[in-house]
Structures are given as C-alpha cells and as structure tokens.
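J.:
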Amino acid sequence: MPDLIHHALLASIGWDQRFEMLEKIGAGAMGQVWRAREISSCGQKTGEDESEATSSDRIVALKILDPARTGDEQTLARLEIEGETLTKLRDAGQHEHVVPILDFKITDEHACLVMEFIPGLNLRKWSSTHQLSLQDRVRLISHVARASGWFHGLGIVHRDLKPANILVHATTHQPIIVDFSIAKVEDTLTLTLTNEALGTAPYMAPEQFDRRRGPISPASDVFSLGSTLYELLTQVHPHPGDFTQILQRFVDEVRPAPPSLLNPAVPRDLESIILKALSHRPSDRYADGTALADDLDRFLAGEPVKARPLPLTTRLLRRARRKPALTAALAACVVLGAFTLWNVQRQAAQRERFALESQLTSDMQEAWSKSSLSAAESTLIELARHDAASATTLRHRLQQDVLHDIEARLRQPHLLDADFTWLRSTIDWLKPRLPEEAAHLQTLITDRLGRWETQVDLRPPFADLLGLFPRSNIRVMDGLLYALHDHSSSNPAPIVITDAASVPMEVDCTFLAEGSTFHHLALDFSHQDAYLVLMLYKVQHTPGAVLVRMGLESAAPESYVLYFNLNSKLYDGAQSHGIHIPDSHLLEKPFRLTLRVEHGLAEASINGRWPLRLDSPFALGSMKPANYCRISWPTDIGLQHLALRSRRSDAVSPLEAADLLATQERWAEARRLFENLRGDPHFGIEAECKIAQCRLREGDDSAAVAIWERIAQGKPSVWRDGCLIQLWLHSHQRHDLVAASRYAALLPAHLSSGTLKHFVPQVRTELSETFVSLCMGLAQPRIDPVALTQATQIYRLLQTPPLELANRVGMTHHFARLDHEAQELYRAGLDDPAGRAQGSLTFATNCLDQWCRLIPSEKEPLLAQSLDRWK
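Note that this note's numbering numbers the sequence shown so that position 89 is 90, with each residue one more than the last.
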C-alpha cells in the first residue's frame with residue numbers, strides 16, 4: 002500500500018490529486034523512486050505558472066525526497082540540478098538512451114521529479130539474466146557511450162554512470178541512462194565541500210577522489226563506462242576493495258589486471274579499449290563518450306581500433322616521478338648490474354671470438370673438403386654474432402684460400418677421379434659467393450677435363466714398343482717399323498696396335514709409302530658394339546660402288562679417296578661417308594693419317610687437311626677385352642711415328658652435351674642445357690644462338706627472332722654474322738624484302754672461317770628449301786630481281802663453289818631478265834679450276850646446256866671447246 006508519508010509529501014506540493022502511487026521501485030541516499038499512475042492534468046512546467054495538460058492514466062516514475070531529509074538544502078539542490086539537467090536535455094531534443102523528464106517541482110521543504118517509467122532491469126541484472134554474449138554487452142555500452150557523448154556535447158557530465166543507473170528497456174532492449182542527481186553542468190557551482198567525493202567508488206574516476214588530478218570532465222564519465230564494461234566482461238571491478246583501498250590504488254597508479262587474464266575470451270583490441278578508458282590520467286583516456294563509442298563500434302565491425310596501451314617507458318617515467326629516491330637507487334643497481342653483466346659477457350665473447358678465429362686460421366692450413374667448408378661457414382656465422390667486421394675479413398680470406406687451393410690443384414701434372422670430384426664440389430660451394438671467379442675456374446676445369454693427353458708416343462729407334470703391338474708381328478728396318486706377313490697381298494691381314502682401345506681416343510700415324518705401288522691402307526677401331534674402318538684408297542683401286550656413290554667415275558686414277566665405313570656397311574649412305582683427294586702427289590713425302598673417335602662422332606684427316614667426319618653412336622663405358630685398334634698394313638709401307646692420345650670419358654662440357662641432344666633433335670632438353678650457359682663469359686653468345694635454333698625447331702619463331710635481333714645488335718662476332726644470316730633468311734620466308742635488305746647490308750663482305758664452320762651446312766639446306774621455286778624452277782612467270790640478287794649474295798658469302806652456284810641460280814637470272822649476270826655466272830663456273838679438279842662433269846654439262854640457251858648460235862664453237870676441255 003502506498004506510504005501515507007509520501008502521499009502527504011505529494012499533497013504538500015499539490016500533486017496528491019495528480020498521481021496515484023502504486024509501488025516503490027527503488028531507493029537511494031537522497032530519495033525514493035515510485036511507480037505511479039497519472040490520473041489528472043494539473044502539472045506545471047518548470048519555471049512556468051501555466052499548467053500543461055498530460056495524458057491521464059499514464060504510468061510514470063516519481064523521484065521524491067526521502068522524508069528523513071525533508072528540508073535538507075543540499076539534497077534539494079541536487080534534485081533541483083537533476084530536474085534542470087533533464088529539462089535542458091529535453092529542450093535540446095531528447096535522446097533515445099536518456100530517460101525523458103515529464104515534470105518536476107521544488108519547494109523549500111520538498112521536491113519531486115516526474116520521469117517516464119522504464120520497465121526492465123539494470124544493466125548488470127539484464128546481462129546476467131539474458132546471458133548476453135560478449136558482443137551484445139559491448140554493443141549496450143557503445144549505445145550508452147554514444148548517449149553520453151551527446152550530453153557531453155551539451156556541457157553535462159553525469160559523474161555516476163554505473164550498471165544501477167543504466168536500465169535496459171524490457172520491450173526495446175535498449176539501454177536508458179537515469180539518475181542525473183549529481184550531474185555537473187558547466188555553469189553550476191560545486192555543491193560539496195572541498196575534496197568531497199560524489200559518486201559510487203568502484204566506478205569513480207581518480208579526479209573525482211582528488212580534484213588536484215584535474216577537473217571533472219567528460220573523461221570522468223569515460224572512466225565510469227570503462228569500469229562498467231570491465232565488470233560486465235569479468236564479473237569483478239577493475240579496482241576492487243573498499244573506498245580506502247581504491248583511493249590508495251589511484252595514488253599508486255596501480256593498473257587494473259588485463260581483462261583477458263580474467264576472461265580469455267576478451268580480444269586484444271577490446272582489452273586495449275577498456276584499459277585506455279581506465280587510464281589514471283584524463284588526458285590518456287578518450288576525450289568523451291563519442292570517441293569511446295566510435296572505437297567500440299570499430300571493434301564490433303572488425304576494423305582496426307585506435308586504442309593503444311601506454312608504452313612501458315611512459316609508465317616507468319611516471320612511477321619514477323612519484324618515488325624519485327627509490328627510483329634512483331633502483332637505477333643505480335640496474336646500471337651496476339648491467340655493467341657487470343656486460344663486462345662478463347664481453348670477456349666471454351672475446352674468448353669465444355678468439356677461439357673461432359683460431360679455428361678458422363687452423364682450418365686454412367689444411368685441404369678443404371665439403372664437410373670442412375660447411376663447418377667453416379657455421380664458424381663464420383657464429384663469429385659474425387660477436388664481431389661482424391672480423392667475420393667479413395675472415396670470410397674474404399677463406400674464399401681467397403679456396404681459390405688458391407683450386408688453382409694449385411689444377412696446376413698438378415696428373416689429376417685423378419678424386420681430384421675432379423673435389424674440384425666440382427668446391428666450385429659448387431664457390432659459385433654463389435664469387436660467381437665470376439667460379440665461372441673462370443669452371444672453364445679451366447672443363448678445359449682440363451677435355452684436354453687430350455698423350456698415352457703413347459712411339460718414335461725411332463723403336464727400342465721400346467711401350468706396350469703396343471701385343472702380337473709383335475713387326476720389324477724395324479732403316480729407322481722405320483714394317484709389318485710382317487706370311488705372303489704379299491693387296492689386302493694384308495690387320496696388325497693389332499692395342500687391345501685397350503677406349504672412347505675418346507686419337508690415333509696419329511705417320512707413314513712412308515711408295516706412291517706408285519700404293520694400293521690402300523686401313524685403320525680399324527672397335528669399341529663395344531661399334532666397328533669403324535677408315536680407308537685410304539688410290540682411286541684406281543677403289544671399289545666401284547664407292548666411286549659411283551661419290552660420283553667419282555671419271556676421277557683421276559692417281560688421286561685418292563678417304564672413306565669411312567661403320568659396322569661393315571660399306572655402301573650404306575647413312576653409315577658411310579667419303580672425300581676425294583685430288584692431290585696425286587700425296588704420298589711423295591711422309592703422310593700423316595689421324596683418326597679421332599669420340600662418343601657420337603669420328604673425325605679423320607690427311608696431313609691436317611682433307612677433313613672427313615662421320616656422326617656415329619659410339620657408346621661410353623668401361624673398356625672390354627674385345628676392344629682394339631689395328632692397321633691393315635702392307636709390307637711395303639713403313640711406320641715412322643705412332644701416337645695414341647685419350648681424354649676422360651666424362652669430359653663432356655655442358656655445351657657439348659647440349660649439342661649432342663640437338664643432333665638427336667631433342668630440342669627442349671638441349672635448350673634447357675643451353676639456357677644454363679647464359680651469361681657465361683666464354684660460351685654465352687654461342688648458347689644464345691643455339692637457344693634460338695631450338696626455339697625455331699620447337700615452333701616458337703617469335704622467340705627465335707627476338708634472340709637473333711638482340712645478338713645482331715651486339716659486337717661483331719661469328720655468332721652475330723650467323724644471326725644476321727638467319728634474320729635475312731627468316732625475312733625472305735615471310736616475303737619481307739625490305740627487312741631482308743637491311744640485314745644483308747649489315748653482313749660483312751667476307752664471312753670468317755668460324756661463321757662458315759658453324760652455319761654453312763644448316764643455312765645452305767634452308768636456302769635450298771626456301772629458294773627452290775625461285776632458283777631452281779624454270780617455269781616461273783615472274784621472279785623478283787631483288788630477292789634473286791640477295792640469294793646470290795648469300796650463296797657467295799657461304800662460299801658456294803662457282804659451278805654449283807651457276808647451276809642453282811644461272812637460269813633463274815635468265816628468267817629474271819638478267820642475262821648478262823647469268824652468262825657471267827656460267828663463265829665463272831666453267832672456268833673454275835677447283836670444279837674441274839673435282840671432276841663434276843654432270844654439273845659442267847648442265848651449265849653448258851643452260852648456257853647454250855642464252856647465247857647466239859655463232860658462239861657455239863666456244864661452247865664446244867669448253868665442253869671438250871671438261872671432257
């Protein structure tokens with residue numbers, strides 16, 4: 002039943018007929034709060050005599066003075082301030098999270114405030130009863146902070162924000178701030194004695210306890226909201242204890258325990274926001290509720306927050322200012338302890354550094370190995386921790402010492418497999434550290450690996466055969482070595498030189514023979530599954546099938562033929578190859594026959610001239626008893642000198658390995674090996690050229706052209722000329738005569754022997770394919786003279802014999818209406834002595850026949866004379 006005393010209080014201010022008091026819903030130090038029903042419209046607005054009509058039967062909240070404090074001026078003044086504050090807020094437009102005031106009345110003895118009734122629970126009970134999540138609790142405080150920022154902007158500080166003064170509406174679930182009884186307005190005077198605290202201790206800011214810390218400001222409400230949020234998330238106050246304990250914690254500026262220690266679910270960003278709001282100094286907190294709300298909203302949205310904890314140095318400096326004597330003593334102890342520790346560590350580091358330097362110096366006195374280099378690297382890394390400058394110096398000394406060891410090993414007269422293994426591993430270690438020096442040394446190693454070393458050098462007086470001729474069917478006579486046979490034969494039995502033939506190997510023989518009686522000489526080489534015969538014939542004794550295959554039916558009988566035969570397939574074009582030697586005086590002096598066999602090829606020559614090459618798949622591997630090298634050696638030929646040279650079977654440089662893959666048309670594999678040689682000071686440009694060829698064979702024309710263009714713009718070289726030829730050829734294939742003319746103009750007047758060696762066979766083949774219709778077709782209606790002239794220029798640059806050139810482009814010049822040039826081509830071809838020496842009668846006949854088509858009939862006698870001369 003409503004309290005009669007409070008009913009009488011309402012009667013004293015004339016509101017007993019306006020409100021029906023239903024029940025007491027709260028009580029505080031100054032008064033009580035009742036739920037009441039408004040039953041009439043007799044209220045008055047503050048400061049006005051006129052009454053304002055209100056809705057009847059409306060449920061409101063009445064905050065009336067405690068009967069025990071009737072006439073208390075201080076309490077009446079506070080209620081008056083609350084009423085005026087709420088009225089000021091209402092006049093400013095009201096806020097959804099601030100309790101609306103409906104009316105208030107103050108007399109000399111009594112006071113009563115009429116506010117909207119908020120059904121619901123206070124913030125702590127609401128969160129606990131509804132078991133709100135962390136985000137929901139933070140969101141409620143964000144709304145309260147936003148509302149605080151609103152009245153902070155109006156110059157109002159609540160000074161008592163706590164869970165009991167924040168109600169959560171049961172219907173809207175929105176927080177409402179109530180109880181502005183001790184709110185501070187900018188233009189109001191302090192109503193308390195000096196240093197009297199107003200508020201609830203666990204939620205009060207330090208400056209509310211001690212005004213010397215600073216004035217009451219919106220930052221004070223920020224502290225209260227930080228305390229409220231701390232309590233909602235951890236269930237404890239940030240500064241627990243009674244009033245005295247809290248005050249002492251503020252004096253000592255004791256930081257509250259991080260919320261995450263009490264509730265691990267509190268994220269780091271949210272913890273930073275709470276601790277910033279709870280800073281002891283107002284200047285370290287958020288300026289007002291709006292700033293706090295903004296950072297809470299950033300956290301809820303998953304965005305970076307602006308809150309950052311105070312640096313440790315700042316906290317230490319502030320503590321030092323509060324207790325200078327203790328700080329000075331502690332600082333002195335720390336400095337002394339730090340110096341002692343530093344000195345001990347310095348001495349230990351010096352001892353360890355000296356030990357490391359001594360270990361490295363000792364290691365440099367021994368031969369390096371893979372394990373010792375790895376240990377030295379670890380020692381250098383450890384030394385760098387103590388003395389970076391010393392480590393840098395010793396690292397340089399180490400690298401120079403490794404270089405010296407490699408160079409010394411390469412200067413040894415004989416290198417074993419173990420030496421080459423050590424060289425390879427040491428170079429691999431050196432490459433990432435000294436790339437240029439490592440590249441140079443790698444070149445020296447490759448050269449040493451690929452160097453031909455003489456195994457046997459047999460010379461007169463042939464007293465010691467050095468392990469050759471294991472069957473000893475030879476004799477020495479007049480300083481020459483002769484073969485012994487049971488009977489004279491034009492096809493003598495072969496004499497074994499050695500049973501230890503291996504690949505690679507070079508056989509170098511010098512013979513003295515009588516040219517008039519010479520029939521033939523054969524050098525046999527057998528290794529694993531390959532059997533190779535090198536034969537030197539006089540033409541008159543050469544098998545007819547060989548002459549037919551080589552087109553030498555009309556060759557001079559006293560000339561010679563050098564012929565390769567692989568695996569006894571004498572007439573197989575894929576396995577055999579020969580060369581005509583027109584020198585009839587070849588055997589008038591001692592002649593030198595050289596055979597070099599390597600994996601994939603065999604090369605031969607006479608007196609260093611007349612080179613002959615056969616690509617053949619010789620396998621690599623260990624020697625077998627069946628391997629041998631022998632000579633079919635007539636008894637009338639004397640051996641003057643014999644040398645056997647060999648090279649390591651694994652002495653294949655990356656360039657050679659890539660070349661071998663290219664000959665096997667394994668273009669992608671070859672290109673990858675060539676690409677590893679890019680930037681090599683010796684083989685880089687050659688590798689680039691060959692990469693372009695691989696790209697071309699793989700169908701990537703644009704990549705090949707780009708490489709050729711890049712090399713063509715570089716310094717003059719064999720490879721630059723080759724790239725210009727390729728660009729010229731590519732432009733013709735695309736019918737771009739302008740570009741072709743530009744490339745042709747950049748070519749030198751004469752190609753070097755290196756360019757001819759590397760490019761002639763391949764480019765001639767491509768020229769023939771590209772210009773077959775231009776240069777060999779006789780029924781072309783129109784021929785471009787520019788293209789024809791350029792084709793002739795390239796053929797001449799490639800040193801095409803005049804007779805062959807006349808056959809290729811002579812008649813085409815006629816069809817291009819260049820008869821004078823055609824006649825000059827035929828005349829040069831028919832007058833070429835080298836062509837006549839090679840006996841190319843078929844070519845000559847073709848040239849004569851074509852020339853007859855171009856000249857008048859009165860010159861036929863001249864043609865007949867030329868034909869007779871050729872015949």
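Here a beta-carbon is modelled for each residue, glycine too, at the ideal position from N, C-alpha and C.
1) State the DSSP-derived secondary structure class of L114, mapped to helix, strand or coil.
2) Kindly provide the ranges of any beta strand (DSSP E) runs that are 3 or more residues long and lie completely inside the segment 483-547, ordered along the chain.
3) Is it right to say H174 is buried, meaning 16 or more other beta carbons lie within 10 angstroms of its own, or is it exposed?
4) I need the DSSP call for E599, collapsed to helix, strand or coil.
5) For the segment 280-288 against the segment 202-217, do three or more pairs of beta-carbon atoms, one drawn from each stretch, fall closer than 8 Å, so that the two count as touching?
6) Comparing alpha-carbon positions, which option in P612, A184, S633 lies nearest H153?
7) So Y564 and G552 are in contact, right, with Cβ under 8 Å, and what is the actual spacing, rounded?
8) Applying the criterion that 16 or more other CB atoms from any shown protein chain within 10 Å of the CB defines a buried residue, is R610 buried or exposed?
9) Please say whether L431 and I446 have beta carbons closer to each other than 9 Å?
10) Quick one: give me the first and last residue of the beta strand (DSSP E) that G639 is part of.
11) Under DSSP, the beta strand (DSSP E) around W611 begins and ends at which residues?
12) What is the rounded straight-line gap between the Cα of K860 and the Cα of E805?
13) If I measure Cβ to Cβ from C690 and keep anything under 7 Å in the same chain, skipping five residues before and after, which residues do I get?
14) Note down the Cα distance separating A368 from R410, rounded to an integer number of angstroms.
15) Closer than 7 Å by C-beta to D364: which residues in its own chain qualify, once you throw out the five before and the five after it? Chain order, please.
16) Taking only three categories from DSSP, how would you classify T189?
17) Specify the secondary structure class of S579 as computed by DSSP and reduced to three states.
18) With a CB to CB cut of under 6 Å and the five nearest residues on each side skipped, what residues in its chain are close to D270?
19) Would you tell me roughly how many angstroms separate the C-alpha atoms of L342 and S359, rounded to the nearest one?
20) Please classify A9 as buried or exposed, where buried requires at least 16 other C-beta atoms within 10 Å of its C-beta.
21) Compare the Cα-Cα distances from G227 to each of R212, L162, I177, D180 and report the closest residue.
22) With distance defined between alpha-carbon atoms, name the residue in W634, I247, H821, L168 nearest to Y204.
23) Could you check whether V99 and W151 sit closer than 9 Å to each other, using their CB atoms as the reference points?
24) Who pairs with T455 in a beta bridge, going by DSSP?
25) Taking only three categories from DSSP, how would you classify W1?
26) With a cut-off of 8 Å, do at least 3 Cβ pairs link the segment 500-511 to the segment 662-681?
27) Taking the DSSP output, what are the residues bridged to V99?
28) Residues in the same chain with beta-carbon distance under 7 Å from A165, minus the five sequence neighbours each way, listed in chain order, please.
29) Enumerate in chain order the residues of its own chain whose CB-to-CB distance from L141 is below 6 Å, with the five nearest sequence positions on each side excluded.
30) Hey, how far is the Cα of Y538 from the Cα of H520?
31) What's the C-alpha gap between A302 and C334?
32) So, S742 versus Q791, is the Cβ gap smaller than 9 Å?
33) Who are the Cβ neighbours of L467 in its own chain at under 7 Å, not counting the five residues just before and after it?
34) Run through the DSSP bridge pairs and tell me what D874 is partnered with.
35) Use the C-beta contact count for G830: other C-beta atoms within 10 angstroms, 16 or more gives buried, fewer gives exposed.
36) Run the CB neighbour count on M478, radius 10 Å, all protein chains shown included, and call it buried at 16 or more, exposed below.
T.: On the basis of the supplied data:
1) strand
2) 495-499, 506-513, 521-528, 531-539
3) exposed
4) strand
5) yes
6) A184
7) With 8 Å as the limit, Y564 and G552 do not qualify as a contact, their Cβ atoms being about 14 Å apart.
8) exposed
9) no
10) 639-647
11) 610-616
12) Here the model assigns K860 a pLDDT of 49, short of 50, so the residue's position is not dependable and the matter cannot be decided.
13) I712, W720, G723, C724
14) 10 Å
15) S373, A377
16) Residue placement at T189 is poorly supported in this model, since its pLDDT is 47, which falls under 50; the coordinates still yield a value, given next. Looking at T189 - three-state DSSP - the assignment turns out to be coil, as it is neither helix nor strand.
17) According to the sequence displayed, residue 579 carries Gly and not Ser. Residue state, collapsed to three classes: strand.
18) F300, V306
19) 26 Å
20) exposed
21) L162
22) I247
23) yes
24) R646
25) With the chain covering only 2 through 872, there is no way to say anything about residue 1.
26) no
27) I178
28) N123
29) P176
30) 6 Å
31) 48 Å
32) yes
33) V457, L459
34) Beyond the ends of the chain as shown, which are 2 and 872, falls residue 874; an answer cannot be given.
35) buried
36) exposed
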